[in-house]
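Just so we're aligned, residue 0 is where the sequence shown starts under numbering that gives the first Met the number 0, counting upward by one.
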Amino acid sequence: MFRIALLGDLHYPSNDVKKSDLQETADNFFTKYLHEFLSIDADLHVSIGDLTHLGLESEFQFMYDLVRKYDVTFRQVLGNHDVLSLSKEKITELIGQPRYDAIETEECLLLFLDTTKELQLHGWGLDKEQWNWLEAQMSRSIEKPLMIFAHHPVPNTTKYSPEGNTSFEALQDIRPLLAKREGLVIYFNGHTHSQSIIQQANHHFVQTGAVLCDSNYLVIELNDDQINIHTMNIGDVQINAFRKTLYEKLSDFHRPNLLADGDASSTYRTIRSLKIT
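Below, the structure written as structure tokens:
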């Protein structure tokens with residue numbers, strides 16, 4: 000069995016003067032929450048992006064000082080908040096990971112994408128080099144399920160994903176590339192702070208909520224002919240008290256209209272078993 004622990008948008012805030020009254024609360028919450036997450040028995044721990052709130056070096060340093068205390072394989076995709084302050088070259092140097100890459104196991108092919116635009120809060124989409132790379136991956140190891148991890152949603156899929164078919168910039172809509180892949184494809188994303196899951200033919204789109212909205216995480220298990228997705232909630236009273244304070248007071252934090260754990264048609268608190276064909 001291959002097991003992945005998936006972390007939603009985390010938004011660790013900066014230590015500047017404006018937020019100094021929140022710093023102790025923030026450090027307590029994120030230290031305790033990450034302890035819970037990184038203590039999960041998994042082959043791979045993944046952040047879906049927005050690990051930081053302003054993309055400051057001090058924010059990355061705090062996060063990775065914590066991560067490196069645990070014996071885990073940790074992989075981060077970049078979110079739009081992660082790229083607000085530093086060049087991507089500097090960020091990849093700090094975290095010791097490439098912007099995008101692939102990992103192949105006996106069970107599946109995993110792709111990690113960078114859907115952000117450097118120093119832009121609202122820009123998104125791939126660059127040409129990454130687009131060509133992703134296109135080449137569609138014909139790789141076609142007998143295995145493909146699992147893609149990226150921060151931004153695919154258009155016309157999960158809750159609050161971009162809508163329409165003609166208003167996208169070049170290299171934003173990857174659906175033409177996904178259409179070239181036969182077999183099971185699961186695309187994981189964050190960004191909207193709302194959980195959602197939908198199926199379109201053999202493609203499944205799974206969207207995580209933000210940790211400050213609902214302190215949970217996902218566990219993805221590949222076992223024989225099934226992929227099981229569990230939503231795991233951290234019920235610690237102290238952790239949730241810290242979370243509530245940050246949710247209410249952290250500036251520039253997007254609070255979705257939809258509850259973080261989805262609605263009756265999109266929630267995946269129950270196990271979803273996806274047959275591998």
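Glycine included, every Cβ here is placed at the ideal spot set by N, Cα and C.
Helix, strand or coil at residue i [DSSP, three-state]
i	result
Asp42	coil
His190	coil
His34	helix
Arg2	strand
Asn131	helix
Asn79	helix
Glu295	This structure gives no information on residue 295, because the portion of the chain shown stretches from 0 to 276.
Thr91	helix
Arg242	helix
Glu105	coil
Asp70	coil
Thr24	helix
Gln279	Residue 279 lies beyond the range of the chain shown here (0 to 276); nothing can be said about it.
Gln171	coil
Range covered by the beta strand (DSSP E) that runs through residue i
i	result
Asn62	Going by the sequence as given, residue 62 is Met instead of Asn. It is not in any beta strand (DSSP E) - Met62 instead sits in the alpha helix (DSSP H) that spans Glu56 to Val66.
Phe204	His202 to Gln206
Gln199	Ser195 to Gln199
Chain-order list of residues whose beta-carbon lies under 6 Å from that of residue i (same chain, five-residue window excluded)
i	result
Asp42	Phe1 and Arg2
Tyr69	Leu37
Trp123	Thr114 and His151
Ile102	Leu109
Leu65	Leu33
Met146	Cys107, Leu109 and Ile185
Val218	Ala4, His229 and Met231
Phe241	Thr24, Asn27 and Phe28
Leu55	Ser13 and Ser84
Asn79	Thr115 and Leu120
Thr191	Tyr159
Leu9	Leu50 and Val210
Contacts around residue i, its chain only, beta-carbon distance under 8 Å, and the 5 residues preceding and following it disregarded
i	result
Leu125	Leu112, Asp113, Thr114, Leu133, Leu170, Gln171 and Ile173
Asn232	Asp213, Ser214 and Asn215
Ser264	The predicted position of Ser264 is uncertain, since its pLDDT is 45 and thus under 50; a value taken from the coordinates is nonetheless stated next. Around Ser264: no qualifying Cβ.
Thr276	With a pLDDT of 42 at Thr276, under the threshold of 50, the modelled position of this residue cannot be trusted, and the question is left open.
Asp40	Arg2
Ile270	In this prediction, Ile270 scores a pLDDT of 45, lower than 50, which makes its location untrustworthy; the coordinate-derived value is nonetheless stated afterwards. Closer than 8 Å at the Cβ level, and outside the excluded window around Ile270, lie Asn227, Ile228 and His229.
Arg67	none
Sequence-distant residues of its chain with Cβ nearer than 7 Å to residue i (five each side left out)
i	result
Ile141	Glu181 and Gly182
Ile94	Phe59, Tyr63 and Gln75
Leu177	Val184 and His202
Ser86	Glu117
Thr104	Phe1
Arg98	Leu77, Lys87, Thr91 and Asp113
Arg139	Leu108
Asp100	Phe111
Leu245	Leu21, Thr24, Ala25, Phe28 and Leu211
Opposing strand residues paired with residue i [DSSP bridges]
i	result
Thr230	Leu217
Leu145	Leu108 and Val184
Gln159	A small fix is needed here, since residue 159 is Tyr in this sequence, not Gln. DSSP lists no partner for Tyr159.
Tyr11	Thr51
Asp100	Phe111
Residue span of the alpha helix (DSSP H) that contains residue i, given as start and end
i	result
Leu176	Arg174 to Leu177
The ligand HEM heavy atom lying under 7 Å from the CB of residue i
i	result
Leu50	Judged by which ligands are present, the structure shown has none, so any question about the ligand HEM falls away.
Worksheet item: So does the stretch 62 to 81 actually touch the stretch 109 to 127, counting three or more Cβ pairs closer than 8 Å?
Response: yes
Discussion item. Quick check: the stretch 234 to 241 against the stretch 6 to 13, are at least 3 beta-carbon pairs closer than 8 Å?
Written reply: no
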